[in-house]
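Structure first, then comments.
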Amino acid sequence: MYHKPCSLYWKLLFLTLCSTAVILTVHEILSRSDASADPYNGDSAIEVAAGVNGNYIKWVDFTVSYDALCTAYELDVASHESAHPLNWIELLAYTAARTGGRFDKKSLSILNKLGKELSDGSVTLKELTREMDYYDYYLEAYEAVLGGMVGEYEMETEAEDGTRSFETRYGLKAFSPIARGFDYSDYDDFGSSRSYGYKRPHLGHDMMGQIGTPIIAVESGYVEALGWNQYGGWRIGIRSFDKKRYYYYAHLRQNFPYALDLKEGSVVTAGDVIGYMGHTGYSAKENVNNIETVHLHFGLQLIFDESQKEGNNEIWIDCYNLTRFLYKNRSLTEKNAETREWFRTFHMKDPSVSSYLQLNPDAPVLSNGN
Numbered sequence: 179m180y181h182k183p184c185s186l187y188w189k190l191l192f193l194t195l196c197s198t199a200v201i202l203t204v205h206e207i208l209s210r211s212d213a214s215a216d217p218y219n220g221d222s223a224i225e226v227a228a229g230v231n232g233n234y235i236k237w238v239d240f241t242v243s244y245d246a247l248c249t250a251y252e253l254d255v256a257s258h259e260s261a262h263p264l265n266w267i268e269l270l271a272y273t274a275a276r277t278g279g280r281f282d283k284k285s286l287s288i289l290n291k292l293g294k295e296l297s298d299g300s301v302t303l304k305e306l307t308r309e310m311d312y313y314d315y316y317l318e319a320y321e322a323v324l325g326g327m328v329g330e331y332e333m334e335t336e337a338e339d340g341t342r343s344f345e346t347r348y349g350l351k352a353f354s355p356i357a358r359g360f361d362y363s364d365y366d367d368f369g370s371s372r373s374y375g376y377k378r379p380h381l382g383h384d385m386m387g388q389i390g391t392p393i394i395a396v397e398s399g400y401v402e403a404l405g406w407n408q409y410g411g412w413r414i415g416i417r418s419f420d421k422k423r424y425y426y427y428a429h430l431r432q433n434f435p436y437a438l439d440l441k442e443g444s445v446v447t448a449g450d451v452i453g454y455m456g457h458t459g460y461s462a463k464e465n466v467n468n469i470e471t472v473h474l475h476f477g478l479q480l481i482f483d484e485s486q487k488e489g490n491n492e493i494w495i496d497c498y499n500l501t502r503f504l505y506k507n508r509s510l511t512e513k514n515a516e517t518r519e520w521f522r523t524f525h526m527k528d529p530s531v532s533s534y535l536q537l538n539p540d541a542p543v544l545s546n547g548n
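Position one of the sequence shown corresponds to residue 179 (the numbering used here), numbered consecutively onward.
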């Protein structure tokens with residue numbers, strides 16, 4: 179299955195034609211308020227294009243910076259067992275509603291100030307957002323991007339004597355798509371031009387490395403697509419359990435692209451090895467290396483309504499800053515010399531996997547060395 183990209187031009191045109199789209203610009207704000215007003219006060223925004231029609235969001239521009247992701251996450255984790263625990267997604271949504279989605283040094287001040295006020299109990303988020311335009315939009319949008327990444331889980335640990343046990347933790351339970359110990363290079367290439375088949379913008383993030391580098395499941399979910407695509411080569415599509423995120427891993431290795439027991443419907447746990455880096459694709463014929471540079475194409479699609487899964491209404495986000503953030507958590511792997519497969523070294527118990535399997539007891543589960 180190939181997801182036909184939609185150019186930024188057509189997306190913006192679509193928003194303009196949507197009768198219910200909300201386009202709020204600086205000019206419109208200043209025409210309704212004092213032109214000398216602080217552009218970071220609760221009533222002002224730089225620019226917000228929130229295309230919401232009916233009951234689902236039509237457009238998301240994920241502009242959260244690496245520093246903002248780190249700051250919000252650290253505030254969340256540090257407050258987890260306090261009297262006033264913070265939610266990193268709510269912190270980011272509030273900040274975005276204040277700034278129109280712009281994340282710079284001044285927005286970090288807003289983020290930190292909010293964390294302090296909520297932590298000491300001097301104010302509640304409900305009070306702060308009661309009259310705030312677009313907070314609900316940003317909250318839903320950012321929950322769609324980040325919703326499965328932070329929470330409680332159990333992680334396998336090893337004592338000095340070699341015995342292993344599981345330790346309950348709270349924090350980042352999503353992983354970098356590249357295994358620990360394997361070098362890669364990247365840059366923010368979202369929206370750059372691609373021409374194979376037809377001219378289009380690049381709606382993913384390329385991570386350049388070595389053939390055979392283990393590719394990791396970023397979030398727990400189930401395999402929705404597996405096989406050959408003339409654009410993506412050997413590729414894997416994994417859907418989050420809440421169905422809001424579709425992770426796309428493409429250009430996998432020739433002859434040995436996937437974990438051996440991976441198949442459509444397989445349940446994977448974040449941190450599992452799912453495949454191997456290569457340069458397949460750009461060919462109607464299967465198993466062809468027709469891409470010059472060895473790399474992983476990593477894409478993240480948001481789905482608020484199933485009608486957005488395929489077609490011109492797809493929402494793909496720039497995940498460069500997200501992959502930088504996920505570098506904090508890279509899955510350690512080891513190789514089976516007989517099968518040539520790589521497996522994760524330490525296993526994780528994710529409550530979301532257990533919940534899904536309770537409802538789908540017959541679903542196949544990727545073994546990953548278990």
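We treat Cβ as the ideally placed atom computed from N, Cα and C, and that holds for glycine. Quick caveat: nothing in here was measured; it's all calculated off a predicted structure.
- Burial state of Thr-277 is buried, judged by a 10 Å Cβ sphere holding 16 or more other Cβ atoms.
- With a cutoff of 8 Å on beta-carbon distance, Leu-247 and Asn-499 are scored as near each other.
- Counting C-beta atoms within 10 angstroms of its own C-beta, Arg-413 has 16 or more neighbours from the protein chains shown and is therefore classed as buried.
- Of the residues assessed, Asp-528 falls on the buried side of the cut-off, its CB having 16 or more other CB atoms within 10 angstroms.
- In this model, Gly-390 and His-429 are separated by some 11 Å (Cα to Cα).
- Tyr-312 and Thr-273 have their alpha carbons spaced roughly 11 Å apart.
- Fully contained in the stretch 263 to 323 are the following alpha helix (DSSP H) runs of length 4 or more, in chain order: 266 to 277, 283 to 297, 303 to 307.
- Bounds of the beta strand (DSSP E) holding Val-328 are 328 to 336.
- When rounded, the separation of the alpha-carbon atoms in Asn-514 and Lys-283 is 46 Å.
- The beta-bridge partner set that DSSP reports for Glu-512 consists of Phe-521.
- Fewer than three pairs of CB atoms, one per stretch, sit closer than 8 Å, so the stretch 454 to 473 makes no contact with the stretch 526 to 546.
- For Tyr-316, the number of other beta carbons within 10 angstroms of its own is at least 16, and it is reported as buried.
- According to the DSSP assignment, Val-255 belongs to the alpha helix (DSSP H) that extends over 244 to 256.
- Annotation: Leu-438 to Gly-399 spans about 18 Å, alpha carbon to alpha carbon.
- Residue pairing of Tyr-454 in beta bridges, as defined by DSSP: Pro-392.
- Between the beta-carbon of Thr-241 and that of His-383 there is about 15 Å, and that puts the pair past the 8 Å contact cut.
- For the 8 Å CB-CB criterion, Ser-444 and Leu-544 form a contact.
- DSSP, reduced to helix, strand and coil, places Arg-502 within a helical segment of the structure shown.
- For Gly-411 and Phe-360, the gap between their C-alpha atoms comes out near 22 Å.
- Judged by beta-carbon spacing, Asn-546 lies within the 8 Å limit of Asp-450, meaning their Cβ atoms are closer than that value.
- No residue range can be given for Val-466, since it is assigned to no beta strand (DSSP E) and is classified by DSSP as neither H nor E.
- The residue from Phe-281, Leu-270, Gly-279 with its alpha-carbon nearest to that of Gly-293 is Leu-270.
- Non-local C-beta neighbours of Gln-486 in its own chain, meaning closer than 7 Å and more than five positions away in sequence, comprise Glu-492, Ile-493, ordered along the chain.
- Counting of Cβ neighbours within 10 angstroms places Glu-345 among the exposed residues, the total staying below 16.
- The alpha carbon of Val-328 has as its nearest neighbour, out of Leu-303, Ala-352, Leu-286, the alpha carbon of Ala-352.
- The shortest CA-to-CA distance from Ser-287 to any of Asp-298, Gly-279, Thr-249, Asn-265 is the one to Thr-249.
- Under the DSSP definition of a beta bridge, Trp-494 partners with Gln-479.
- Excluding its 5 nearest sequence neighbours in each direction, Ala-322 has C-beta neighbours in its own chain below 6 Å: Lys-422, Leu-480, listed in chain order.
- Measuring C-alpha to C-alpha distances from Asn-468 to each of Cys-497, Gln-432, Leu-440, Pro-355 identifies Gln-432 as the nearest.
- Glu-402 carries a strand assignment under DSSP once its states are collapsed to helix, strand and coil.
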